[in-house]
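Participant: Counting from 1, position 157 in the sequence shown corresponds to residue 157 in the UniProt record's numbering; the numbering is continuous, with no gaps.
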Amino acid sequence: MDDELSILRDIAVNRVVTTSAAERAGIPRLRMVAMAKGGVLRHLVRGAWSAEQPVDAEDLHLLRTVAVLGRQKDTSAATAHSALVAWGLPVWGADLARVHLIRERSATTRRSRDHTVWSAGPALVEVERAPALPVPIQCAEPAVAIVHAGVAAGAETALIAADAAVGRGLVTARQVEVAAAELPMGTPGAAAIRRALAGVDGRHESPGETRVARVCRELDYELEPQVWIGPWRVDFLLAGTKVVIEFDGKVKYETKEDLLAEKRREDDLRRRGYIIVRIMWADLTRPEQIRQLVEAARLAAAA
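(1) What's the gap between the Cα of T255 and the Cα of E262?
(2) Quick check on DSSP: helix, strand or coil for A36?
(3) If you draw a straight line from the C-alpha of R272 to the C-alpha of F236, how long is it?
(4) How would you write the range of the alpha helix (DSSP H) that V212 sits in, first residue to last?
(5) Here's the rule: buried if 16 or more other CB atoms are within 10 angstroms of the residue's CB, otherwise exposed. What is T79?
(6) Does the separation of the CB atoms of I11 and A34 fall below 7 Å?
(7) Answer yes or no: do H43 and A36 have a C-beta to C-beta separation smaller than 7 Å?
(8) Count the other C-beta atoms from every protein chain shown that fall within 10 angstroms of the C-beta of Q138, then say buried if there are 16 or more, exposed otherwise.
(9) Short check: CB of A165 to CB of L89, under 7 Å?
(10) For the stretch 67–136, list the beta strand (DSSP E) runs that are entirely contained and at least 3 residues long, ordered along the chain.
(11) Compare the Cα-Cα distances from N14 to each of M32, A94, W49 and report the closest residue.
(12) Would you decide whether A208 is buried or exposed? Buried here means 16 or more other CB atoms lie within 10 Å of its CB.
(13) What are the start and end residues of the alpha helix (DSSP H) that includes D3?
(14) Assuming V243 and A297 are in contact, meaning their beta carbons sit under 8 Å apart, how far apart are those beta carbons, in whole angstroms?
Encoded structure:
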């Protein structure tokens with residue numbers, strides 16, 4: 001079996017091997033089915049397998065995207081969150097069970113069992129990202145992929161990806177806004193996507209920060225992201241006040257030392273006269289609770 005796995009890895013492209021390629025190498029389909037049942041081979045989609053186990057759901061989606069692209073007869077490219085995973089961008093809220101493509105000769109959007117093909121139009125680019133994607137694949141441009149992800153999964157999905165893409169220099173906020181403006185009339189959710197993408201800011205460093213900024217914007221609060229206060233950088237400062245707003249995703253403090261360092265940081269910020277509001281994941285679905293926290297902090301800071 002080790003020899004067979006070695007053969008499959010050698011003939012794989014971007015960690016994906018087709019049934020036909022394996023059979024040409026002397027490994028029949030029934031043998032691959034048995035290897036998959038034994039947990040040493042991963043079946044991706046019809047006619048495609050991987051001898052590498054995906055590291056997470058996004059990586060599995062990337063493998064499936066490579067597999068679906070490989071069986072297309074016409075020139076095709078990944079779009080929506082299928083392109084986002086190729087770029088290494090966040091796909092918060094996306095349905096990773098379905099691959100999304102653009103096909104050169106497609107005039108309408110069509111759905112099949114495991115993928116959706118969008119109508120053609122935008123320019124395509126080649127994306128490679130070692131070690132996950134060592135051989136380039138065709139993708140929609142980042143701005144278009146972001147907007148398509150919004151149509152497929154919601155405006156917040158698009159905004160989170162856009163903030164990350166702008167932060168990495170893959171695209172500008174203006175390019176994202178233009179792509180959203182070019183959505184065809186009648187596209188479901190287009191107005192919400194355009195409103196959300198008007199607030200793109202590459203200084204937001206995580207999906208949580210993007211969501212905090214969006215909720216606060218909808219509450220009519222003006223936030224300044226990534227502000228230095230003495231030696232400390234805070235997620236947000238409420239403009240014109242001494243209220244610090246921090247997103248707490250409960251993943252920052254891996255050790256006891258991390259927790260103690262954060263306590264020292266907060267103590268120093270308080271000595272400087274700042275009031276700290278911590279927003280958790282659960283708070284993001286309760287905007288009025290966030291308003292109460294912020295208003296209480298404003299009163300305390302002004303006292």
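We treat Cβ as the ideally placed atom computed from N, Cα and C, and that holds for glycine. Bear in mind the structure is a predicted one, so any value in this text is a computation, not a measurement.
Facilitator: Considering the structure as presented:
(1) 11 Å
(2) helix
(3) 16 Å
(4) 207–218
(5) buried
(6) no
(7) yes
(8) buried
(9) yes
(10) 76–78, 99–103, 115–118, 124–129
(11) W49
(12) The question names Ala, but residue 208 is Gly in the sequence shown. So G208 ends up on the buried side.
(13) 2–11
(14) 5 Å
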